[in-house]
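Undergrad: Following UniProt numbering, the numbering of the sequence shown begins with 1 at its first residue and continues without gaps. Below: one structure in structure tokens.
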Amino acid sequence: MSAEIVPVVSAADREHAYSVRFTVFVREQGVPQDIELDAADAAADHLLARIDGRPVGTVRLLRRDGTGVLGRLAVLPEARGTGLGAALVRAVEDRARAAGLTAVELHAQLAARGFYERLGYAAFGAEDEEAGIPHIWMRRRLENA
């Protein structure tokens with residue numbers, strides 16, 4: 001099973017990315033559909049992961065004050081445990097680094113905190129809630145930024 005991660009450039013790829021997000025966040029996690037897509041999507045860089053040509057993962061990158069903000073990381077159930085989530089995080093870091101950003105932050109679901117810690121992210125600030133799900137902000141400085 002070989003995965004490819006590509007920038008979203010076409011309307012079709014954008015729909016595939018949104019479909020993955022809808023499946024993970026709205027169907028699985030119960031996030032209200034009306035808040036899953038937001039105004040930040042228009043300004044974000046989106047990446048799409050495919051396995052054998054089938055869309056199975058996505059993530060977005062926003063830029064805020066010289067820092068990248070990773071968000072909406074979603075991997076379909078059949079692709080979990082394959083390293084695809086980590087590959088999407090690293091792909092966002094590479095894009096952020098190429099854009100001259102010095103760090104990446106993210107608003108992690110508490111259930112995913114260990115995943116991000118293993119990738120070098122450290123929590124900061126207080127826990128809070130987004131879409132009824134406990135979250136914490138996390139950050140990683142980028143080398144060679």
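Note that beta-carbon positions come from the ideal geometry of N, C-alpha and C, so glycine has one too.
#1: Evaluate Glu93 with the Cβ neighbour count: other Cβ atoms within 10 Å of its Cβ, from every protein chain shown; 16 or more gives buried, anything less gives exposed.
#2: What does the alpha-carbon distance come out to for the pair Gly83 and Glu117?
#3: For the candidate residues Glu143, Tyr121, Ala111 and Gly120, whose alpha-carbon lies nearest to that of Ile133?
#4: In the DSSP assignment, find the alpha helix (DSSP H) that holds Ala17 and state where it starts and stops.
#5: Go through its chain and collect everything with a Cβ distance to Gly114's Cβ below 6 Å, but skip five positions before and after it.
#6: Where does Arg80 sit, in a helix, a strand or coil, going by DSSP?
TA: This is what the structure gives:
#1: Taking the first residue of the sequence shown as position 1, residue 93 is located at position 93. The residue is buried, with at least 16 neighbouring Cβ atoms inside 10 Å.
#2: Residue 83 sits at position 83 when you count from the first residue of the sequence shown. Residue 117 sits at position 117 when you count from the first residue of the sequence shown. Rounded to the nearest angstrom, the two C-alpha atoms are 15 Å apart.
#3: In the sequence shown, counting from the first residue as 1, residue 133 sits at position 133. With distances taken between Cα atoms, Ile133 lies closest to Ala111.
#4: Taking the first residue of the sequence shown as position 1, residue 17 is located at position 17. Segment Ala11 to Arg21, the alpha helix (DSSP H) holding Ala17.
#5: Looking up residue 114 in the sequence shown gives position 114. Nothing meets the Cβ criterion.
#6: As a position in the sequence shown, residue 80 is number 80, starting the count at 1. Arg80 falls in the coil class under three-state DSSP.
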